[in-house]
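Only one structure is covered here, and it is reproduced in the block below.
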Amino acid sequence: MKYSKLILLLIVLFFCLAFNDSLFAQEETEQILYFQMEPLDDSLFIQIQEALFIDPPDPKAEIVVDLRDANNQTISIKGVLYPFLALTPELRARIITYPFKLNLEENITFSSVFTRVIDKIRFGKFIQPPTKMQISPTLSYINPFFQLQGGERMGMSLKQDVGFSLGVGTPYSGALETNFMETDFNILGVKAGFFSHIDAMIELIKSQNQNNIIVTEGYQINYIVPLGNFFEFGYLKATRRMDDAKRQSYLNQSAGTVVLEGDSIKYKARIIDSDQSYINWELRYPMSVLGSTRGRVYVAQFLDEWHFGFAFREMSLAGSTFDFSFDAMPNSKYRQPQYNINLLVQKIMEGWAYSAFAIGPSISLSTLDSGNFGITKIFINLRFKIGTSL
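Structural data, given as structure tokens:
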């Protein structure tokens, strides 16, 4: 399908731009005295803030160092100024020799519009290994990020490998695509819980809903193979049948969930209720890209549909921090092919929300009710960070 090739081309272009945009700097020929530290070393950023009694420390805080005046050297964290000498000699040395700096003294010209980012190319840390938490089959569920629609489940630990997780939307869905929500209990790599529905998530708009997934209630149980966090499989079953009145409301053109061609149904939303069960699985590879604190690439089968994609949290590029995810469902027996893109930008608010809140567009590309390929959904998505990076 020509549109599928177009989407894949856009993804390739994104990675090409990423490699040429910010991937991580060559050695500097002269010392930089006024610079912003790119948030690519969580441990150093936390140590700096702990030394200045900042609680809680933010591993993605904006840190600006000014060493131009030997008698008044300062370090600014989230806009608050501190004397550089308040840090230990070891920390000062690590800051001065920190390789990932944005030079705030550089000359800006008309050509900088095209060359500035290229001048900041960095290759050392574009792709890094994941954290120990992410590769653990029993602890990988612990996740401080809660995304309003779709994405990874937020996981809260009661005691190490025992805890709860929560998610709205499926792990692969886009904005306003499904009424699915789940809550689960996690122990030793096993995830068991229930799913239900939040109908407002799909009833907010009345058009282009023909590719939605609509669920009732049920349960699921998943298990991560205990050789690392790379393969998860499980079983999902719907236990309640949708009542006839509700079903009829979702099989009505006015809800946007059905598209007719003459007297026959051309497209319709997918309803999952009783007597339906599925074997789900995901093969993934956790990694860190552009300094992301969580990330993975994956191939999965969920509700008998194929998914391919990637998702990265808190990527850092030229002083900006953002989440980026892409999910492709190129083929399905039940729905039209669909491609979901999420971009969530952090550091747009002040105070505690500086690193805790991210906002951005969620876009779904699929077959329109007219039969053409295009944007079926575009809506604002939100992400909250509840706790520190892992």
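Heads up, the sequence shown is in our numbering, so the first residue is 1 and it goes up one at a time.
We put the beta carbon where it would ideally sit given N, CA and C, even for glycine.
Using CA coordinates, which residue listed in the options is at the minimum distance from residue i?
| i | options | result |
| --- | --- | --- |
| Ser292 | Glu305, Asp304 and Leu317 | Leu317 |
| Asp66 | Gly163, Tyr82, Pro59 and Leu52 | Tyr82 |
| Met287 | Tyr219, Gln31 and Gln134 | Gln134 |
| Phe324 | Asn331, Ser332, Glu314 and Lys333 | Glu314 |
| Pro89 | Asn103, Ala51, Ala61 and Asp58 | Ala51 |
| Tyr354 | Asp327, Thr321, Ser362 and Asn331 | Thr321 |
| Ser207 | Leu303, Thr257, Gly371 and Ile363 | Thr257 |
| Lys304 | Tyr339, Lys237, Ser254 and Ser249 | Checking the sequence, you will find Asp at residue 304 rather than Lys. Considering only alpha carbons, the answer is Lys237. |
| Gly401 | Ser136, Gln338 and Ala311 | Look at the range of the chain in this structure, 1 to 390, and you will see that residue 401 is not part of it. |
| Lys101 | Arg296, Ser173, Tyr34 and Leu87 | Tyr34 |
| Ile127 | Val297, Ile375 and Gly374 | Val297 |
| Leu40 | Asp327, Ala61 and Arg240 | Ala61 |
| Lys159 | Ser173, Gln147 and Thr138 | Thr138 |
| Arg68 | Asp42, Glu105 and Pro59 | Glu105 |
| Thr239 | Pro361, Ser277, Trp352 and Phe302 | Ser277 |
Which term fits residue i, buried or exposed, when burial requires 16 or more other beta carbons within 10 angstroms of its beta carbon?
| i | result |
| --- | --- |
| Phe53 | exposed |
| Asn71 | exposed |
| Arg294 | buried |
| Asp275 | exposed |
| Val289 | buried |
| Asp243 | exposed |
| Asn252 | exposed |
| Ile214 | buried |
| Asn143 | buried |
| Ile279 | exposed |
| Asn372 | exposed |
| Phe19 | Bear in mind that the predicted position of Phe19 carries a pLDDT of just 39, short of 50, making it unreliable; the figure below should be weighed with that in mind. It is exposed - the Cβ of Phe19 has fewer than 16 other Cβ atoms within 10 Å. |
| Ser264 | exposed |
| Lys377 | buried |
| Ser22 | At Ser22, the pLDDT of 39 sits below 50, so the modelled position is not reliable; the number obtained from the coordinates is stated separately. Under this definition Ser22 is a buried residue. |
| Ser370 | exposed |
| Arg335 | buried |
| Leu344 | buried |
| Gln97 | Going by the sequence as given, residue 97 is Thr instead of Gln. So Thr97 ends up on the exposed side. |
| Leu204 | exposed |
Tell me which residue opens and which closes the alpha helix (DSSP H) that residue i is part of.
| i | result |
| --- | --- |
| Glu314 | Glu314 -> not in any alpha helix (DSSP H); beta strand (DSSP E) instead, spanning Glu305 to Leu317. |
| Ser249 | Asp244 to Tyr250 |
| Asp184 | Run containing Asp184: none in the alpha helix (DSSP H); it sits in the beta strand (DSSP E), Phe180 to Ile187. |
| Phe100 | Run containing Phe100: none; DSSP gives neither H nor E here. |
| Ala70 | Taken as a continuous stretch (DSSP letters only), Ala70 belongs to no alpha helix (DSSP H), as it is neither H nor E. |
| Leu166 | Where Leu166 is concerned, there is no enclosing alpha helix (DSSP H), although the beta strand (DSSP E) it sits in stretches over Val162 to Val168. |
| Ser355 | Ala353 to Ala356 |
Going by the CB atoms, is the gap between residue j and residue i shorter than 9 Å?
| i | j | result |
| --- | --- | --- |
| Asn222 | Thr367 | no |
| Gln192 | Phe379 | Sequence check: residue 192 is Ala here, not Gln. Contact: no. |
| Pro130 | Glu282 | no |
| Asn186 | His197 | no |
| Pro56 | Phe45 | no |
| Gln149 | Val168 | yes |
| Glu177 | Ile202 | yes |
| Ile77 | Gln36 | no |
| Ile363 | Ile341 | yes |
| Arg247 | Ile272 | no |
| Gly151 | Ala311 | yes |
| Phe145 | Met156 | no |
Where do the N-terminal and C-terminal ends of the beta strand (DSSP E) with residue i fall, by residue?
| i | result |
| --- | --- |
| Ser274 | Counting along the chain, Ser274 falls outside any beta strand (DSSP E), and DSSP gives it neither H nor E. |
| Leu260 | Val258 to Glu261 |
| Lys191 | Val190 to His197 |
| Lys434 | Limits of the chain in this structure are 1 at one end and 390 at the other, which puts residue 434 out of reach. |
| Tyr334 | Careful: Tyr334 lies outside any beta strand (DSSP E) and carries neither H nor E. |
| Pro83 | Val80 to Pro83 |
| Gln220 | Gly218 to Ile224 |
| Ile32 | Unbroken run through Ile32: none, as it is neither H nor E. |
| Glu232 | Phe231 to Ala238 |
| Ala300 | Arg294 to Phe302 |
If you drop the 5 nearest sequence neighbours on each side, which residues of the same chain put their C-beta closer than 8 Å to that of residue i?
| i | result |
| --- | --- |
| Phe357 | Gln346, Ile348, Met349, Leu382, Arg383, Phe384 and Lys385 |
| Thr74 | Val65, Asp66, Leu81, Tyr82, Pro83 and Phe84 |
| Trp306 | Val299, Ala300, Met329, Pro330, Asn331 and Ser332 |
| Arg94 | Leu44 |
| Cys16 | A caution first: Cys16 carries a pLDDT of 41, below 50, which makes its placement in the model too unreliable to give a value. |
| Ser249 | Ala255 |
| Leu87 | Ile48, Ala51, Leu52, Ile75 and Ile95 |
Measuring only from the beta carbon, is residue i closer than 8 Å to any heavy atom that is part of the ligand PLP?
| i | result |
| --- | --- |
| Thr138 | For the ligand PLP, the structure offers nothing, since it holds no ligand at all. |
Looking only at its chain, what residues have a beta carbon closer than 6 Å to the beta carbon of residue i, apart from the 5 residues adjacent to it on each side?
| i | result |
| --- | --- |
| Ser140 | Gln134 and Asn229 |
| Pro99 | none |
| Phe194 | Tyr219 |
| Asp184 | Ser165, Lys191 and Gly193 |
| Phe231 | Val225 and Leu283 |
| Ile32 | Lys101 and Asn103 |
| Asp327 | Tyr172, His307, Gly309 and Asn340 |
| Gly374 | Leu368 |
Between which residues of its own chain and residue i is the CB-CB distance below 7 Å, once the five residues before and five after are set aside?
| i | result |
| --- | --- |
| Lys394 | For residue 394 there is no data in the structure shown, the boundaries of the chain being 1 and 390. |
| Ser254 | Lys206 |
| Gln47 | Leu91 |
Using beta carbons (cut-off 9 Å, strictly below), is residue i in contact with chain E?
| i | result |
| --- | --- |
| Gly371 | This model lacks chain E altogether; it includes just one protein chain. |
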